[in-house]
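Student:
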Amino acid sequence: MSRSSKRRIKKIGLPAESLVYTGDKKEKNPINLTLINYDATHYEERLLQQVDACLLYKQKPTITWINVDGVHDLNLIEKLGEGFAIHRLVTEDLVSIVQRPKCEDYGDYLFIVLKMLTYDARQNKIIPEQISLILGQKFLLSFQEDIQGDVFHLIRDHLRTGKGKVRHRGTDYLAYCLLDALVDNYFIILEKIGDSIDTLEEVLMRQPGQDVMEQLYQLKRELLFLHKAVWPLREVISFLLRRESSLIQDSTMPYLRDVYDHVVQAIDSIEINRDILATMLDLYLFSVSYRTNEIMKVLTIIATIFMPLTFLAGVYGMNFEHMPELSWQYGYLLIWIIMITLGVFMLYFFRKKKWI
Amino acid sequence: MSRSSKRRIKKIGLPAESLVYTGDKKEKNPINLTLINYDATHYEERLLQQVDACLLYKQKPTITWINVDGVHDLNLIEKLGEGFAIHRLVTEDLVSIVQRPKCEDYGDYLFIVLKMLTYDARQNKIIPEQISLILGQKFLLSFQEDIQGDVFHLIRDHLRTGKGKVRHRGTDYLAYCLLDALVDNYFIILEKIGDSIDTLEEVLMRQPGQDVMEQLYQLKRELLFLHKAVWPLREVISFLLRRESSLIQDSTMPYLRDVYDHVVQAIDSIEINRDILATMLDLYLFSVSYRTNEIMKVLTIIATIFMPLTFLAGVYGMNFEHMPELSWQYGYLLIWIIMITLGVFMLYFFRKKKWI
Amino acid sequence: MSRSSKRRIKKIGLPAESLVYTGDKKEKNPINLTLINYDATHYEERLLQQVDACLLYKQKPTITWINVDGVHDLNLIEKLGEGFAIHRLVTEDLVSIVQRPKCEDYGDYLFIVLKMLTYDARQNKIIPEQISLILGQKFLLSFQEDIQGDVFHLIRDHLRTGKGKVRHRGTDYLAYCLLDALVDNYFIILEKIGDSIDTLEEVLMRQPGQDVMEQLYQLKRELLFLHKAVWPLREVISFLLRRESSLIQDSTMPYLRDVYDHVVQAIDSIEINRDILATMLDLYLFSVSYRTNEIMKVLTIIATIFMPLTFLAGVYGMNFEHMPELSWQYGYLLIWIIMITLGVFMLYFFRKKKWI
Amino acid sequence: MSRSSKRRIKKIGLPAESLVYTGDKKEKNPINLTLINYDATHYEERLLQQVDACLLYKQKPTITWINVDGVHDLNLIEKLGEGFAIHRLVTEDLVSIVQRPKCEDYGDYLFIVLKMLTYDARQNKIIPEQISLILGQKFLLSFQEDIQGDVFHLIRDHLRTGKGKVRHRGTDYLAYCLLDALVDNYFIILEKIGDSIDTLEEVLMRQPGQDVMEQLYQLKRELLFLHKAVWPLREVISFLLRRESSLIQDSTMPYLRDVYDHVVQAIDSIEINRDILATMLDLYLFSVSYRTNEIMKVLTIIATIFMPLTFLAGVYGMNFEHMPELSWQYGYLLIWIIMITLGVFMLYFFRKKKWI
Amino acid sequence: MSRSSKRRIKKIGLPAESLVYTGDKKEKNPINLTLINYDATHYEERLLQQVDACLLYKQKPTITWINVDGVHDLNLIEKLGEGFAIHRLVTEDLVSIVQRPKCEDYGDYLFIVLKMLTYDARQNKIIPEQISLILGQKFLLSFQEDIQGDVFHLIRDHLRTGKGKVRHRGTDYLAYCLLDALVDNYFIILEKIGDSIDTLEEVLMRQPGQDVMEQLYQLKRELLFLHKAVWPLREVISFLLRRESSLIQDSTMPYLRDVYDHVVQAIDSIEINRDILATMLDLYLFSVSYRTNEIMKVLTIIATIFMPLTFLAGVYGMNFEHMPELSWQYGYLLIWIIMITLGVFMLYFFRKKKWI
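Chains as they are written, first to last, in the numbering used here: chain A, 1 to 356; chain B, 1001 to 1356; chain C, 2001 to 2356; chain D, 3001 to 3356; chain E, 4001 to 4356.
Given below as structure tokens:
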């Protein structure tokens, strides 16, 4: 949480519309531009480091997908934005890493902000990465916060080999493919969380300790995080479904509806997992107070039996000169009888109270 | 929960629209096609294992209901889908077992996904099974995840014997009958859960232990599960009621409204049961802390009475050479009087505090 | 809860639209038909046991109110339904006791399901009874689940004596009167619950025990039950207010609005009572843990004072041959001084900690 | 709560539309009619006890405000209602004290029900009083449940002296002034509650006792009560703002919007106060269990140190004939060394566990 | 909370529309008027203390921004209001410090109330300051509650130096800049709160004490406060986005949408922080009861081991004359063996119970 606030703050104190990179990825590395130009019959792929080469493809009738890995090179982004006639505010949002998933219609193009999530197994944490799409008639620009890998390799593969329908359709179908890959990826994370919950559940049923509570807390935070990333996505896709933007063809609608279903399903899963965690917390709290209760019973039974007996023993350990009982022949036997009777009576009393 | 995520994951890494069976039912068994062709005067029932025979019935003016038990034979499903001109995405959804209940209008046909629930008494668990319907003008295709039994035997019976109105009406009425049977079945499960809650309530009022808590937890999870299956059904039916799809005749509307009422009633019951469980949890937690309090009282009373007395006894058990009290004639008597007075005073004090 | 599920289950396995009585009232008793035919100048009241006599009144220009006590005689209900041209689904709902309050417009008549509640003082429980109304232009059919008394005797009285406006108005005004009587009755139950809450509150402030918790739980369940009965009534009346069914005259609207206000008020009361119960539960739980805390203090003070003293006494009760203190002249005095000083210091320590 | 139910019940069993006074104010006192007739240049004020004198003012072109203190004189209210052609249901509502704030448009006049609240410092309780307004073109009737004082004295003052705009505007502006005075009064009550919360907060931070909990409970109930009175007022005013009733002039709209803002602000304050109380309750519960924990620590430390020591002392207090240690020269010294070592070790153990 | 109620109360008892300053800022200081007049080519800045000089700028075709620091000089505010033909109710709201953020369209101008928040590090508290904007065609009036600094210095800087677009656009863009600066400032506060939460979290995981709870409580209150200030802002901006007021140009819409996104993001952050705090509270409460449980275990183990042993030692410390065991040669050895066996058995018992 505090991370997203911190990032925004970098920008405060600068003129509105100034480009400020608000992320924390390795800013040293150069940005890679991957340009893919294709139609049903044609396929070209180039790895560039300059914007100018890209702009040449702008007029082509074939479809151009430019993927930008890393958004920290402000000059490059600015140049690209100007080259494709992107509104200044959009360019600004591209390099600002704290955006909420959203979709805006600028007439000639749609601007879509998404979150790609990866699960860092070592840190046991969800790592977000911002993906922005600019969807035009003949071009799709995608910007990834991080220069490292993504979840789109299959789509690239299909483009190269011509598998599936992606080479036969427009930019909207390509955007759908990217969306679909992102959403499918959420389910991998959901499964990891589901597994953690199942493990935790088993631990809870056996012998829970303090660390279980911290894991519960960690899982709750991760689910909050996931919820925050997935929930606005619903709005994004229903925006695409609702709006008759000429950029989205009718034939793509069923596919978007399909992604929408998946997103709703992911939200459902998140909600149910949150409910399950809440119930587990209750179960945990209960089991602690139940065990405290059990411990108290043991303590009370022991104390209630032995305190009176110890008192009695103490009495006959007193050194008064005149204690007639001490000299009785069967005094010692008698006191044992009394003490055992008392103990047995106490045990009977607790049995009746159903404590033992 | 984790199960549904796992299933979805099977598909990741494949081209969009590839058919992937995501269930875990016995994939070895062959799929059974049960074809029923009828109108008011005519009735024919065939058990097939090939798609081609089905397609012949497509053009007939009479109504054809094809029930598919098991969806793991991808070739067969694909062929059937192509035979009835079903959209590729629908075919894909048919074999994907993680769908949420939904209804989609594809013009020529409606695609409806439902969940059939059965209560496994041995495991004390709700077992879901996905039922998909494709509702055309003259045909109804139903796909069941599992090849084993369903809740539709009565409908088949009515079709065979011509009881009821089902032979006199269209596919929409047949679909209503299936829906109605599914929803009626939810009430059987709700009753089982209601019975479990009643039993639990009685146990709670008597002597609750740790296992009660685990049963509460189990019931809560089952209700969450039920909620997840029933809630979207409301949308499905209100979609059918709202949309003037020519596939749903006006005369069927009152019946759908009736099912809708039942679904709302089932949701009501689920909600109330959840509220009751929440209240029972509170009652349980309370009763544990109340009993801890009672136990503490016993312990404190015993300790408060015997600790000072044991101290006194200890004092006169000391071996100082010069302890004048020890040689008093009535010293021993006196100390008994003091100790009894002290004990009685303590008891009086606790009585005044209303502890005993 | 489980009761309503059980009732529905009676019907499963029968053809849709089959009439099945799902209640548990004394099915032996014959059904009574009370027919009241009136207009401003005319009044006739008959007690019938056959349907045919009723049907004669169907054509009359005067208003006919037929009240049916008990709905377990399926033949009679079926005949009556056919006589008044009632839709089969409505007839089915009439004899099915698990309906949720609802209102349906069938053009020629409105079908309204309501719940009459009575408070059983012996069982301390709310007893529901289903009331169904069929409101036509010139007739009103009312069906009561139970053959025993209702809350409509005053309305009958006004009809007989011509008091109030009811003789001068249509069936819609009569239906309003019935609705109003039902809703007024809810307030009697609410008052009973309010009294129970007040009593419980006083008990809570004094000395709460385990039984208080069970009463709280009981009240919560009754409020849940009431909520379930009253909440859908709001929809029913707003349906009547919204719909310009020709069966509801404009002059009746203000009266319906009045009933609507009462229902909203009843819902308000239920909600507030639920909030108060929740707060009382918190108060109760708190007071238990507060008292546990107080008890712990007493225990700890006693133990902290007497344990070290008993230890000291124990030390000088040891039988070592060489214990120089034992032979000091003022050893015994000294040990008393030490012990008293220690005790006083402990008391001072606890006073400073504000424990005493 | 139970009070409002009780009042409604007084009416049950009477014909609909019968006038029944449901309040509990001193019914002996005569009702006072205060008539104020004014326009920009003219002002007349009369104190009446008969309705007839009022009716004369009905036709006058100047504005007439009739304030009725006390609504228990049913004859008078009925006569007044008939004189001003008020719908029977309205008259009925006027004398029924359990109304929820509401606004109804009867064409010629608006009927508004409001709640005036006063804070009874002695009982530490909010006292509600029902105010009903009937707003016509040239007349405003206001009915107060109680014959004692109200919060409108300033408005009367402005009318008398001609200060402000009220003499220059219509009845709608006068109604606005009354509304504004009522809403301003809510803030006085909110401040009192705010002060109580601040005081409670300080007590909580210092040394909370059982009574704090009861005060929390009391405050929660008062806020519930306030919420119930203020929340429907929002609907009332937005009803006035929405409806283009000719009785509300456009120039009055900004004033109503202003009152609306105040009501929303009051609701905000109530909600925030409820949230703060909920948080305080958590804080309180926590602080009790935290203190229990601290007390337990003290007890356990004392017991863990002195129980083994007392045991050791007990061992050497045994009277066995053959106990070689007893006759060792440094036996006594040794046992002291052992005991002190044991005690120090225990203290070290607790320090390591961070208990001390 | 109580502060805002108190302020409102100052006004009660005065005629509606009377100007009453409800703040508590240093009322002695004179109000400063800062007038900035600019267009693309021209820039003029004046510091005034009289209203008359301002009014001269009213007719100018260039844009005039008048910033008023402090609103306690009622005469000045009134004069300014009259000079710019501001509705009396607006002027009243300007000097009333308890306004909720809102936006009202008065045709010729928009009236916007906002809250500027600053974080007082010493008091660890959010300090609100009310900012009101009156947005006309050619003028923008801004009123600040406090005469001290604000967050607009950068905007002034851009106006002076001509950086950014602000000199080239209308008053609506200027208003956007102010809004943007305010909202950006919220993120600074959110970051401070986020840091506090992170710190608290670490403390919680280590060794929590009573003060942690108070900090949690403090943070919860601050978040409530922030929520109250930010939430209505959403309505304000969506009001501006929705309404086609001619005062807001189409070219400004994307900028407003941008601010809207930021506000939604701030609300998201607040909600998530509230959820995290709630989870932390649960974690805290759990960890206290878990530690109580651990402490109880230690106590019970010690007591259960040493109480029986001490009792045994007590028995053989009794002074009965006839205690045969005392004279056994190996009696002392035997009793040690018995006691050690008993202790070991107890330890084994607790190990089996998994207490140690």
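In this text, a Cβ means the ideal position worked out from N, Cα and C, and glycines have one as well.
Near C2177(C), which residues of its chain fall below 7 Å by C-beta distance, leaving aside the five closest residues on each side in sequence?
Tutor: If we look at C2177(C) and ignore the five residues flanking it on each side, its Cβ neighbours are I2155, V2166.
Student: Step through the CB atoms of chain E and report whether any lies within less than 8 Å of the CB of E214(A).
Tutor: yes
Student: Quick one, which of L3333(D), K3058(D), H3227(D) has its alpha-carbon nearest R3100(D)'s?
Tutor: H3227(D)
Student: List the residues of chain D whose Cβ lies closer than 7 Å to the Cβ of H4087(E), in chain order.
Tutor: Those are P3254, listed as they occur along chain D.
Student: Which residue wins for smallest C-alpha separation from V2230(C), given the options G2170(C), Y2217(C), Q2130(C)?
Tutor: Q2130(C)
Student: Mind reading off the beta-carbon distance from Y4021(E) to V4071(E)? Whole number of angstroms is fine, and I expect it under 8 Å.
Tutor: 7 Å
Student: Cβ of R1221(B) less than 8 Å from any chain A Cβ?
Tutor: yes
Student: Who are the near neighbours of S3196(D) in its chain, counting only those whose CB is closer than 7 Å to its CB and skipping five residues on each side?
Tutor: L3219
Student: Count Cβ pairs between the segment 328–348 of chain A and the segment 308–317 of chain A that sit closer than 8 Å; are there 3 or more?
Tutor: Per the Cβ contact rule, the segment 328–348 of chain A is in contact with the segment 308–317 of chain A (3 or more Cβ pairs under 8 Å).
Student: Of all Cβ atoms in chain A, is any one closer than 8 Å to the Cβ of I4341(E)?
Tutor: The sequence shown places Thr at residue 4341(E), not Ile. By this cut-off, T4341(E) is not an interface position.
Student: Using a Cβ cut-off of 8 Å, pull out every chain B residue sitting near K297(A), in sequence order please.
Tutor: I1295
Student: Tell me the DSSP secondary structure of R3100(D) in three-state form.
Tutor: coil
Student: So, at 7 Å on beta carbons, what are the nonlocal neighbours of E2078(C) in its own chain, with the 5 sequence-adjacent residues on each side left out?
Tutor: L2019, T2091
Student: Given that a residue counts as buried once 16 or more other Cβ atoms are within 10 Å of its Cβ, and exposed if not, what is Q2329(C)?
Tutor: exposed
Student: Give the interface partners of Q2249(C) over in chain B, defined as CB-CB distance under 9 Å, in chain order.
Tutor: Correct list: empty, because the minimum Cβ distance to chain B is about 26 Å.
Student: Would you check if there are 3 or more beta carbon pairs closer than 8 Å linking the segment 4056–4065 of chain E to the segment 4131–4140 of chain E?
Tutor: Between the segment 4056–4065 of chain E and the segment 4131–4140 of chain E there are three or more inter-stretch CB-CB distances shorter than 8 Å, so the stretches are counted as touching.
Student: Would you grab the beta carbon distance between G1170(B) and Q1050(B) for me? Rounded to a whole angstrom, and I think it's under 8 Å.
Tutor: With 8 Å as the limit, G1170(B) and Q1050(B) do not qualify as a contact, their Cβ atoms being about 27 Å apart.
Student: Consider the Cβ of T3310(D): report whether some Cβ of chain C lies at a distance smaller than 8 Å.
Tutor: yes
Student: Run through the segment 259–334 of chain A for me and flag every whole alpha helix (DSSP H) of 4 or more residues, listed as ranges in chain order.
Tutor: 324–327
Student: Find the residues of chain E that neighbour E3045(D), judging by a C-beta separation of less than 9 Å, and give them in chain order.
Tutor: Within 9 Å Cβ-Cβ: nothing; E3045(D) doesn't reach chain E, min ~19 Å.
Student: Taking the Cβ atom as the reference point for each residue, do T2062(C) and D2039(C) lie within a distance shorter than 8 Å?
Tutor: yes
Student: Could one say the Cβ of L4285(E) lies closer than 8 Å to chain D's Cβ atoms, at least one of them?
Tutor: Closer than 8 Å: yes.
Student: Helix, strand or coil, according to DSSP, for Y348(A) in the structure here?
Tutor: helix
Student: Judging by CA-CA distance, which residue of T4041(E), S4238(E), F4084(E) is the nearest neighbour of L4135(E)?
Tutor: Of the listed residues, the one whose Cα sits closest to L4135(E) is F4084(E).
Student: Taking only three categories from DSSP, how would you classify L1035(B)?
Tutor: strand
Student: Counting pairs of beta carbons, one from the segment 1273–1292 of chain B and one from the segment 278–286 of chain A, are three or more of them closer than 8 Å?
Tutor: yes
Student: Closer than 8 Å by beta-carbon distance: list the chain E residues that pair up with S2976(D), in chain order.
Tutor: No answer is possible for residue 2976(D): the residues shown for chain D start at 3001 and end at 3356.
Student: Going along chain B in order, which residues have a C-beta closer than 9 Å to the C-beta of F345(A)?
Tutor: Going along chain B, no residue has its Cβ under 9 Å from F345(A), so there is no contact; the nearest lies around 13 Å.
Student: Output yes if chain C places a C-beta closer than 8 Å to the C-beta of Q3329(D); else output no.
Tutor: yes
Student: Going along the chain, which residues of its own chain have a beta-carbon closer than 6 Å to the beta-carbon of I128(A), five neighbours each way excluded?
Tutor: The sequence shown places Pro at residue 128(A), not Ile. Cβ within range, chain order: K115, L117.
Student: Where do the N-terminal and C-terminal ends of the alpha helix (DSSP H) with F1111(B) fall, by residue?
Tutor: Looking at the DSSP string, F1111(B) is not in any alpha helix (DSSP H); the run it does join, the beta strand (DSSP E), is 1110–1120.
Student: Measure the CB-CB distance between L1223(B) and V1212(B) and report whether it falls below 8 Å.
Tutor: In this structure, V1212(B) does not lie closer than 8 Å to L1223(B) by Cβ.
Student: Could you check the C-alpha separation between D2275(C) and W336(A) for me, to the nearest Å?
Tutor: 59 Å
Student: Using a C-beta cutoff of 8 Å, does A303(A) count as contacting chain E?
Tutor: yes
Student: Tell me the rounded alpha-carbon separation between L312(A) and R3291(D).
Tutor: 34 Å
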